[in-house]
Amino acid sequence: MDAWSYSHHQVFRRIAALSTRVLAYFRAREECWRGISGRFDTATFSPPTESSMRCGEVPGLTYVNDELSMTGAILEDMILWLSTYRDLFTRSCNMTGKLLSNDPTTQYLMPPLFRPFLVSRRQLRLMAADMNKIEAYHMHAAPEQLLKWGI
């Protein structure tokens, strides 16, 4: 078994593909907030407030002038989002109410794989702290507004 090989399980392949897209989204969002790139839809999101950037600082991450470094902020967002998968095989879909559903693209029974990520860092922290705040959807049943990538 190799840590870098592809999983044989379709569920984890789908999560890996989704994670790649989400990581690109978090990077583009952070670049936009810091004025590095204009690739992000600023009409949907506003820059983080001073209090939201400082609250919940994580020891061990690099802070510059009391602000989380860009890579640290992206890493924090990604880890917080990944933590919403801790109930992957026990949380039912918020839309259908089912734990497993036939995925039209793979023809496999899949748990709800989609977790919202178009949220603020504060909301990600709340979802990581309270499992009742986590929303889960099957990919084919997720609300359209949650599937807009913004990149």
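Take -6 as the starting number for the sequence shown in the working numbering and just add one per residue. We put the CB at the ideal spot given by N, CA and C, even for glycine. Owing to the predicted nature of the structure, the values given are computational and were not obtained by experimental measurement.
In chain order, E23, R27 place their CB closer than 7 Å to the CB of M63, counting only its own chain and leaving out the 5 sequence neighbours on each side.
When the beta-carbon positions are compared, L106 and L11 come within less than 9 Å of each other. According to the DSSP assignment, Y130 belongs to no alpha helix (DSSP H), since it is labelled neither H nor E. In the three-state reduction of the DSSP assignment, S94 falls in the strand class. Apart from the 5 residues on each side of it in sequence, K91 sits with its Cβ closer than 7 Å to the Cβ of S85 in its chain, given in chain order. Here R108 really is in contact with A129; their C-beta atoms are around 6 Å apart, less than 8 Å.
Around K126, the same chain offers L119, M120 as residues with beta carbons nearer than 7 Å, after the five sequence neighbours per side are excluded. Between A134 and M88, the gap from beta carbon to beta carbon is short of 9 Å. By the neighbour-count criterion, in which a residue is buried when 16 or more other Cβ atoms sit within 10 angstroms of its Cβ, D70 is buried.
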